[in-house]
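Below: one structure, written as structure tokens.
Residue numbers (the numbering used here): 21 to 282.
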């Protein structure tokens, strides 16, 4: 059983650490009900420490690292100074840190040798902390005079601007996507034409040997249908299709000869 459960909470204002009272006895249903009231929730989840960011640059650097599931130096220092003494292995066994990101929990466990937890209880606790975070900071850290709205808007703008600048190939994305789409369509067309040849070949195997071009083959299959039911009108349509195809080949060869002469 977990003796001491702490929950890490990252916000635009700073880093917070919360201690959960009687964590082993908390049920998800009771926790969901307590989230609705700050009075009930604060009795269950108490703020242990809070480290506001000194400026927007520090906040942007920390949040950028967290978005990549990396462990920022500021967060590592915050945990070392805010958690109870974990220098001894016996004490570390009695402490579990709840995190919202399991990959970040893995990083913390590797660096600090601290057990991390990410489950429904921790996520519900994080939701309650986020919902009542302003009340926590006002009641315990009023002297800091933290303007949460300004901090969130400023960090959101800076982070979005950084992400746009970070993508150095953004101007090529549409071209790359268009080429990928053309390749995808070309593969689909080729696959469907091969199926058509395979299926129709059982009915008219001679046509597969006569016509190598896939597009012309499909067009002729559309006109021929059942070869036993061909009429004079179908023959005229077939003749025009085949003549047009041969004409295109002649024009292409003529262009190649002209370019070679230059």
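For each residue, glycine too, the CB sits at the ideal point set by N, CA and C.
- DSSP, reduced to helix, strand and coil, places residue 226 within a helical segment of the structure shown.
- Around the CB of residue 67, 16 or more other CB atoms lie within 10 Å, so the residue is classed as buried.
- The beta carbon of residue 121 sits closer than 8 Å to those of 86, 89, 138, all from its chain and outside the five residues before and after it, given in chain order.
- Counting other Cβ atoms within 10 Å of its Cβ, residue 245 stays below 16 and is therefore classed as exposed.
- DSSP places residue 137 in the uninterrupted beta strand (DSSP E) bounded by 135–137.
- In summary, residue 27 is buried, with 16 or more beta-carbon neighbours lying within 10 Å of its beta-carbon over all protein chains present.
- Taking C-beta separations shorter than 7 Å and ignoring five residues to either side along the sequence, residue 199 has no partners in its chain.
- For residue 215, there is no enclosing beta strand (DSSP E); the residue is part of the alpha helix (DSSP H) that begins and ends at 193–220.
- Put simply, of 171, 70, 175, 226 the residue whose alpha carbon is nearest the alpha carbon of residue 84 is 175.
- Excluding residues up to 5 positions away in sequence, nothing lies with its Cβ nearer than 7 Å to the Cβ of residue 203 in the same chain.
- Per DSSP, the unbroken alpha helix (DSSP H) holding residue 60 starts and ends at 58–64.
- Cβ contact annotation for residue 145 (same chain, cutoff 8 Å, sequence separation greater than five): 27, 38, 40, 51, 65, 118, in chain order.
- Secondary structure at residue 114: coil, using DSSP grouped into helix, strand and coil.
- Annotated three-state conformation of residue 71 is strand, per DSSP.
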